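Take a look at the structure below.
In the numbering used here, the protein residues as written are 423 to 543.
Okay, structure coming up:
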């Protein structure tokens, strides 16, 4: 398994995806040709059907930003749902698996603070 790398842009806490940068700092031209190897083979090339969007389609051929996400089950809430069918505000999402930590788990059940860091060489 490859080590997790952070974006090299100053003060950015996102994970690097393209040329040691997160998708926000890599720009849309890099994201256009990038295929994330962690996405299942069948869905790798499914882009959002909105012409100007390069995000991956989630539901009905649309990305989360263009309506391709299930919404929160709470009344009058239109936010995209997380694990459990609710948005994070209404109790959805996965908490960090470290006992006593109340942050949301981001990768492998761990929050950003508890992610293993690559040792400096």
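All C-beta atoms, glycine included, are put in the ideal place defined by N, C-alpha and C.
These figures come from a predicted structure and were not determined experimentally.
Inter-residue Cα distance where the pair is residue i and residue j
i, j, result
"residue 437", "residue 534", "10 Å"
"residue 510", "residue 484", "21 Å"
"residue 430", "residue 502", "29 Å"
"residue 428", "residue 435", "6 Å"
"residue 482", "residue 470", "9 Å"
"residue 523", "residue 540", "22 Å"
Assumed close pair residue i, residue j - CB separation to whole angstroms, cut-off 8 Å
i, j, result
"residue 468", "residue 479", "4 Å"
"residue 527", "residue 519", "6 Å"
DSSP state of residue i mapped onto helix, strand, coil
i, result
"residue 526", "strand"
"residue 433", "coil"
"residue 445", "helix"
"residue 505", "coil"
"residue 486", "helix"
Nonlocal neighbours in the same chain, by C-beta distance under 6 Å from residue i, ignoring five residues either side
i, result
"residue 495", "507, 508"
"residue 472", "488"
Own chain residues within Cβ distance below 8 Å of residue i, not counting five before or after
i, result
"residue 505", "514, 515, 516"
"residue 475", "469, 485, 487, 488"
Chain-order list of residues whose beta-carbon lies under 7 Å from that of residue i (same chain, five-residue window excluded)
i, result
"residue 537", "426, 529"
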